Amino acid sequence: MTVHNIRHGDASDGAFAEAVGGRLSRIDGPAKITGAAKYAVEQQLEGLAYAVLVESTIASGKVRAIDTTAAEVAPGVLQVLTPDTIISLKTAADWFGTPPPDKPYCPLARDITFSGQHVAAVVAETFERAVAAAALVKVSYEETPAIVDLSDGKAGDGIAIDAMTKEWGDAQGAFASAPVRICAAYNTPREYQAPMEPHGLIARWEGDRLTVWEPSQWLDGMARTYAEWFGVPFENVRLVSPYIGGGFGSKALALSHGAVAACAAKMLGRPVRLVMTRPQTFTGYGGRAATRQTVTIGADVQGKIQSIVHRGVNETSIDGMWVEPLGSVTSIMYTTPNFSSKQNVVRVNSVVPGAMRAPGENPSAFGIESAIDELAYEVGIDPLEIRLRNYAEQDPHAKKAWSTRQLREAFAAGAERFGWSRRTPEPRSMRDGNQLIGWGVAAGTYPVRRAYGEALVRILADGSVEVESSSIDMGQGTYTILAQTAAETLGVRADDVVVKLGDSRFPRAGVTGGSRLAGVMTGAVYKAATSALDQLVGLAISDPRSPFHALQANTLVVANGRIASPRGDGPDVSVAELLKSVGRDHIEATGDTMPANSTPEDRYKNYTTIAMSVPHTEGDYSRHSWCAHFIEVRVDEDFGTVRVSRVVSALDSGRLYNPKLAESQWKGGIIMGIGQALLEEGIVDRRHGRIVNDNLADYLVPTNADIPDIEVISVGIPDLHSSVLGGKGVGELAIVGVAPAIANAVFHATGKRIRDLPITLEKLI
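For the sequence shown, the UniProt record's numbering begins at 1 and goes up steadily by one.
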């Protein structure tokens with residue numbers, strides 16, 4: 001894979017690499033590649049017991065009886081939990097902090113709403129004995145007909161979600177009178193996060209204090225849930241998650257398997273480990289919901305859009321609610337005087353769907369970016385040109401200026417690097433032997449999710465620096481960019497900064513999701529480090545024992561771990577020497593980005609719910625990251641196989657705190673988009689409502705053999721309306737628009753428009 005970066009050059013010296021904007025390699029990398037990194041469930045605790053879940057084998061009905069007799073007398077079994085024997089919990093608030101109903105919560109089900117639901121658990125002295133005993137638990141059911149998926153005749157039209165309605169002008173009337181009209185349906189299947197590290201945890205009680213070692217994207221939010229379940233103070237729950245083997249949205253919430261493990265630990269009085277099997281991860285939490293969209297576009301003969309009418313549906317569960325906001329990209333990508341978008345959800349017998357990389361924006365872009373491509377062919381305009389003709393100079397929905405929008409620059413840079421001008425417009429007009437070659441383009445966007453965070457920065461007696469935060473690193477480089485932020489602010493080397501993350505005892509942070517963490521936490525570390533630096537300089541100037549006391553200086557220079565007079569007319573000492581001279585073993589400061597008048601209640605709500613997230617359209621600007629994907633596919637004319645052979649993507653994520661890590665995140669998103677377009681699909685047995693391909697052999701994700709050369713180009717400029725240091729979201733952005741770019745390229749190669757993902761051989765026949 002090659003990288004071309006037109007905004008940030010490679011660091012030519014170590015000092016630049018260690019500053020914000022430098023290409024410092026991941027500081028947690030060596031620990032991971034040598035095996036020194038200890039993940040949450042790898043803790044070795046004395047007296048550890050092992051829990052294994054028993055899952056329902058039907059999708060709809062009731063548990064009639066659970067026979068645990070054989071399991072209870074099996075070797076090594078400590079307890080068997082059922083809905084009748086597990087301790088009663090309280091219902092916790094949702095992630096918005098909505099007060100829950102005053103009723104008990106049981107993580108083991110009597111009423112079955114999906115296949116794979118937890119109905120019992122076995123705890124034993126060893127994992128193997130727990131597995132063997134779990135197989136002895138016999139469950140009988142009273143089965144009722146299940147609603148399998150969106151296409152099930154029993155599903156109906158669903159429930160209208162009024163909050164998703166966006167309308168202006170007369171979209172239906174303008175479409176009816178438009179000289180050029182496009183109307184098509186676009187469908188995406190269920191998808192699963194499939195992280196390398198399965199979900200699991202270790203729970204240990206000490207009196208009324210609970211410690212949970214669990215991979216987590218949101219330590220404080222999960223700690224709140226555990227505290228509310230068990231009716232203990234929030235401060236009594238500690239979450240520990242030093243490293244995470246992938247999350248993609250699936251590890252942000254405390255889920256029922258966590259409640260089971262914590263209950264077992266409390267009942268036994270000893271720590272309990274519960275790790276899901278790979279098949280259990282397909283039903284233990286929800287992946288991306290299947291979606292169905294109809295997009296109609298009315299335009300004039302020059303391709304200028306006059307109307308967009310969008311109707312969307314996503315599946316949700318029988319007893320939960322998930323809305324995949326399908327109008328999110330449709331409503332802002334292109335300018336139109338008339339617009340209407342509405343959405344329903346349909347209840348099916350499935351686990352509650354959840355957030356998966358770019359929820360909403362991802363499937364939304366598949367609809368609108370496929371439809372705009374169809375419009376281009378209908379009016380005979382180049383697919384890139386039609387996007388430029390309908391370029392939105394401001395947010396069409398919010399009617400506000402963009403904070404920054406480098407999408408024109410992304411189109412230009414990507415097209416030039418890709419060689420778009422050499423494309424011949426007619427489908428099936430480019431080939432290499434028996435391979436049909438197609439070139440496709442699509443745009444993408446993701447809003448700048450903003451919130452507040454806090455961090456502690458400590459300057460130690462030896463001149464080294466510690467940074468502490470309950471934020472996490474699940475592969476996006478948090479350890480590294482926070483070290484760079486502290487190093488640059490304090491004038492030390494990044495090697496001298498130790499970043500401590502993943503422990504809810506540390507200063508708090510909100511959820512790591514929606515590409516918000518980097519912007520939030522660099523701002524918090526910058527503020528804390530600035531405060532610590534002010535203390536250090538103030539101490540050097542004011543303490544009579546300081547070698548700088550007699551200078552009567554207003555300020556000092558701190559650089560390369562040393563302190564000196566800005567005029568060069570005084571001492572030049574190391575930070576360690578200064579602290580020793582004044583008898584201090586450390587200086588520390590906590591910085592947060594909360595509003596100055598925030599109450600303790602505000603702070604608690606901010607870190608344990610998403611209720612205080614700042615809207616991306618707050619104030620005078622609409623804040624988004626942007627991207628443009630140019631993709632080449634090769635379709636074997638004999639076999640119908642599709643291969644992505646080249647990718648050039650230009651992206652606007654504002655200022656890049658570390659281009660090397662940002663590029664890695666972008667490539668990861670693009671690779672997931674290739675999987676979405678060509679491989680990934682949750683397949684349901686329509687007789688029983690079960691996931692058939694609930695493993696990594698049958699649920700296909702991209703491997704190295706599926707991925708071509710990927711070139712990513714940064715076109716971003718600092719956006720100080722979006723974050724303290726000028727960055728915008730990176731991690732979610734790059735997946736948005738990849739699938740439609742591939743589908744558009746497949747049409748260019750074959751002349752066949754595929755509107756149902758994934759694009760498989762049988763759909764091309």
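C-beta atoms are modelled at their ideal positions from N, C-alpha and C, and glycine is treated no differently. Because the structure is a prediction, the values reported are computed rather than measured.
Item, Value
"When DSSP builds the beta bridges, which residues end up paired with V52?", "V122"
"Once DSSP output is grouped into helix, strand and coil, what is the label at F127?", "helix"
"Determine the closest residue to L761 out of Y377, A677, I710 and G538, with distance taken between C-alpha atoms.", "A677"
"Please name the residue in A739, L661, P104 and Y192 whose C-alpha comes closest to that of V20.", "L661"
"Identify the residues that DSSP records as bridge partners of I182: which are they?", "I297"
"Would you please state the rounded distance, in angstroms, between the beta carbons of I202 and L53? I believe it to be under 8 Å.", "15 Å between Cβ atoms; not a contact."
"Check whether the segment 256-271 and the segment 128-148 touch, using three or more Cβ-Cβ pairs below 8 Å as the test.", "no"
"Is it a yes or a no for the segment 308-325 touching the segment 279-295, going by three-plus beta-carbon pairs under 8 Å?", "yes"
"Since I believe I368 is in contact with M333 (beta carbons under 8 Å), could you give me their beta-carbon distance rounded to a whole number of angstroms?", "6 Å"
"Who are residue 772's beta bridge partners in DSSP?", "No answer is possible for residue 772: the residues shown for the chain start at 1 and end at 765."
"Who does C627 pair with in a DSSP beta bridge?", "G444 and L651"
"Can you list, in chain order, the residues of its chain with a C-beta nearer than 8 Å to that of T593? Leave out the 5 residues immediately preceding and following it.", "Y452, G453, E454, V520, G523, A524, K527 and V724"
"Leaving out five residues before and five after D685 in sequence, what residues of the same chain have Cβ atoms less than 7 Å from its Cβ?", "V692"
"Measure the C-alpha to C-alpha separation of N236 and G207 and round it to an integer number of angstroms.", "10 Å"
"Assess, as a yes-or-no matter, whether the segment 618-630 is touched by the segment 642-662 under the definition of 3 or more beta carbon pairs within less than 8 Å.", "yes"
"Leaving aside the five residues before and after G14 along the sequence, list all residues of the same chain whose C-beta is less than 6 Å from its C-beta, in chain order.", "The predicted model places G14 with a pLDDT of 49, which falls under 50 and marks its position as unreliable; any figure quoted below should be read in that light. For G14, where only same-chain residues beyond five positions count, there are no Cβ hits under 6 Å."
"Restricting to Cα atoms, I'd like to know which of A299, I112, A124 and L210 is closest to V73.", "A124"
"For the alpha helix (DSSP H) containing V525, list its first residue and its last residue.", "L517 to S542"
"Measure the alpha-carbon distance for P145 versus K154 and round it to whole angstroms.", "9 Å"
"Whose C-beta lies closer than 6 Å to the C-beta of G731 among residues of the same chain, with five residues either side of it excluded?", "Q476, S515 and Q665"
"Within this structure, are the beta carbons of G727 and Y657 separated by less than 8 Å?", "yes"
"Could you round the C-beta distance between S470 and D432 to whole angstroms and report it? I think they count as a contact, below 8 Å.", "Not quite, the Cβ-Cβ distance comes to about 53 Å (not below 8 Å), so this is no contact."
"For I418, tell me which candidate among G29, V712, F747 and T91 has the shortest Cα-Cα distance.", "Sequence inspection shows Phe at residue 418; the Ile mentioned does not correspond to that position. For the residues G29, V712, F747 and T91, the minimum Cα distance to F418 belongs to V712."
"Mind checking who V684 pairs with in its DSSP beta bridge?", "I691"
"According to DSSP, is K38 helix, strand or coil?", "coil"
"Please name the residue in P758, R238, I765 and G751 whose C-alpha comes closest to that of E378.", "G751"
"Check each candidate in G258, G247 and P615 and name the one with the smallest Cα separation from A223.", "G258"
"Thinking just about the alpha-carbon of each residue, which of S341, Q406 and V511 is nearest to the one in Q394?", "Q406"
"Are D300 and P447 close, meaning C-beta to C-beta below 8 Å?", "no"
"Buried or exposed: where does A745 fall if 16 or more other Cβ atoms within 10 Å of its Cβ makes it buried?", "buried"
"Distance check for R508 and R209, CA to CA, integer angstroms please.", "19 Å"
"For A486, which option in Q280, L456, R428 and A92 has the closest C-alpha, if you only look at C-alpha atoms?", "L456"
"Under a three-way DSSP split, which group does D756 fall into?", "strand"
"Report yes or no: do the segment 23-32 and the segment 79-97 share at least 3 C-beta pairs separated by less than 8 Å?", "no"
"Entirely within the segment 323-357 and at least 3 residues each: give me those beta strand (DSSP E) ranges in chain order.", "339-348"
"Could you tell me the boundaries of the alpha helix (DSSP H) in which S177 lies?", "A171 to S177"
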